[in-house]
Every structure is written in C-alpha cells, then in structure tokens.
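First the structure, in the form of structure tokens, and then the observations on it.
Residue numbers (this note's numbering): 11 to 163.
Here it is, written out as structure tokens:
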C-alpha cells in the first residue's frame with residue numbers, strides 16, 4: 011500500500027497529466043510547485059512525521075477522502091471546474107490554505123505542542139508564499155511583454 015506522500019504525489023502527477031491541455035500554464039506551474047514542496051518533506055522513519063503531515067495535506071487541502079466537504083474546498087476538485095481563471099484558482103487555493111492554517115492555529119491553542127500541526131502549518135505557509143510569488147510573476151508578464159515589444163518595435 012502506498013504511503014500518503016506517494017498517494018498525494020501520484021494524485022498531483024495524474025492531475026497534471028489529465029489536465030495538461032485543459033488548464034492554464036499558471037495552474038500547471040502551481041501543481042508542479044506543490045509536487046516539489048511535498049517531495050521535499052523529509053522522510054522520518056522514527057516518528058513517521060512525514061506520513062502524518064502528508065495525511066493532513068492529502069485529506070484537508072488536496073482531496074477529501076471522506077467526501078464530507080464541498081468539492082470547491084479541495085485543490086484537485088478545482089481542476090475539474092470548467093473555465094476557472096487563474097485569478098479564481100489563486101483565490102480559491104489561497105482560501106483553502108488560509109482556512110486550514112486557521113484551523114491548525116485553533117488546534118495548536120487547544121493541544122500542548124503538537125509538532126505535526128506546526129510542521130503542516132509551516133508547509134502550508136510556504137506553499138501559499140510560493141503561490142503568491144507565482145501569481146505576482148504571472149501579473150508582471152503582460153507588463154514585461156509590453157516593455158519588450160516597445161524595445162523591438
């Protein structure tokens with residue numbers, strides 16, 4: 011049986027392959043970034059912290075394993091929405107991350123020093139920061155293209 015990390019990476023890889031021609035380059039770049047961040051989670055054979063972290067990411071952010079949450083609150087489900095703009099994708103993914111970070115903050119207040127929650131929160135903040143960087147880069151592209159066309163016209 012694959013680990014939650016392997017399942018999450020497989021789901022992301024399959025999503026990229028299945029939607030390559032249907033979603034924007036920005037959304038593919040975001041999925042690639044998520045894969046890289048998840049791949050970077052260090053394997054911890056003693057405490058199995060990596061498995062716990064990936065379990066939370068898999069069920070709370072990327073998929074809903076119990077199918078209890080509205081689909082638009084999971085990243086993989088967003089890919090199936092037709093005509094989802096990059097702005098909408100960015101906003102919805104940011105909302106998913108913000109919601110989970112708030113939820114983890116409330117758990118951290120209620121529990122005594124749970125390292126798993128802290129690690130998941132750090133990964134989510136890192137992914138959200140990188141997502142914002144990718145979005146900022148996307149917004150600057152039309153400006154850069156206009157500037158370059160002025161030089162070469």
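For every residue, glycine included, the Cβ atom is placed at its ideal position computed from N, Cα and C.
In the same chain as residue 34, and ignoring 5 residues on each side of it, the C-beta atoms closer than 6 Å to its own belong to 96, in chain order. A straight-line Cα-Cα distance of about 23 Å links residue 135 and residue 13.
Cβ contact annotation for residue 84 (same chain, cutoff 8 Å, sequence separation greater than five): 71, 72, 73, 74 and 106, in chain order.
A check of alpha carbon separations from residue 37 across 90, 131, 55 and 60 identifies 90 as the nearest.
Between residue 99 and residue 88, the C-beta gap is smaller than 9 Å, which places the two residues in contact. Excluding sequence positions up to five before and after residue 25, its CB lies within less than 7 Å of the CB of 41, 86 and 89, all in the same chain and listed in chain order.
The C-beta of residue 137 has 16 or more other C-beta atoms within 10 Å across all chains shown, which makes the residue buried. Rounded to the nearest whole angstrom, the CA to CA distance from residue 142 to residue 39 is 12 Å. Taking the Cα positions, residue 67 is about 10 Å away from residue 61. Contact between residue 19 and residue 48 holds, with the beta-carbon distance rounding to 6 Å and staying under 8 Å.
By the neighbour-count definition (other C-beta atoms within 10 Å, threshold 16), residue 119 is an exposed residue.
Annotated three-state conformation of residue 16 is helix, per DSSP.
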